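Please read the structure below before turning to the comments.
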Amino acid sequence: MPSPESIKARRALRKETVDPSVSLADERTGWDAVCTELPIAPGVRLEMVEICGVPAAELTPAGSQDTPLIVYAHGGGLVAGSILTHRAFASRIAAATGCQVILPAYRLLPEHPLSIPSDDLIAVTRDVVARLEDRKRRVFLGGDSSGAGLAMSSMVRLKDEHDILPAGFFAISGAFDATLSGESIRTRDRDDPVLSEAVLRHWQS
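See below:
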């Protein structure tokens, strides 16, 4: 049974709609602006870094030197989302788990070829895994929504390319069917408090 907190949060959410007059650039700017003032979790240090040419936010809770490290791919349909939109959420993951979180600003579609987001995420993951291997610190790869799908496909690429793999993978509300062909996208539409088939197809157009 849903908790009172989850019921309250669900009621506060607003289902997205498609507004053809709003450009993708405006969507990105608007999302960034809404999230800019969200606070970083108490006790978590935010530092901007660059890993293999990819900008990233490094979110470090106290006492995380020997804990696992998480490379986290933000959601946004691979066309939106950024460090600004997800750094507060990532900081809460860091605070809740005690793990350092790396949040890469992978390059987005449609300005870049389809493989580029995965290329960027893999470059960051390879570098982190290689640097921490000798220290016996485990690395986990995860993400939310399309970021979870990106993280999973990147894990498959790392395996296929015989790389040293992260210790594990996790997904938060993962979006894995890029074809949008599953029946649930329609039959469960009323159960999703945020996204709709129309919005998902709009992001793909």
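Residue numbering for the sequence shown follows our numbering, starting at 3 and increasing by one per position. All C-beta atoms, glycine included, are put in the ideal place defined by N, C-alpha and C. Keep in mind that this is a model prediction, so the values were computed, not measured.
- For V56, same chain residues with a beta-carbon under 7 Å away, outside a window of 5 residues either side, are P106, A107, Y108, D122, A125, V126 in chain order.
- Here A173 is bridged, per DSSP, to G145.
- Scanning its chain for C-beta atoms nearer than 7 Å, with the 5 sequence neighbours on each side dropped, one finds around V20 the residues A200, V201, H204, in chain order.
- Counting C-beta atoms within 10 angstroms of its own C-beta, T31 has fewer than 16 neighbours from the protein chains shown and is therefore classed as exposed.
- Under the DSSP assignment, I104 falls in the beta strand (DSSP E) whose first and last residues are 102 to 106.
- C-alpha of I166 to C-alpha of R137: approximately 15 Å in a straight line.
- In the DSSP assignment, A59 is bridged to M50, L105.
- Taking a C-beta distance under 8 Å as the contact criterion, A96 and T62 qualify as a contact pair.
- The C-beta of P168 has 16 or more other C-beta atoms within 10 Å across all chains shown, which makes the residue buried.
- For I72, DSSP records a beta bridge to V103, F142.
- Per the Cβ contact rule, the segment 76 to 88 is not in contact with the segment 129 to 136 (fewer than 3 Cβ pairs under 8 Å).
- For F172 against G144, the beta-carbon gap comes to about 4 Å, under 8 Å, which counts as contact.
- Residues G77, I174, S175 of the same chain have their beta carbon placed closer than 6 Å to that of D146, with the five preceding and five following residues left out of the count.
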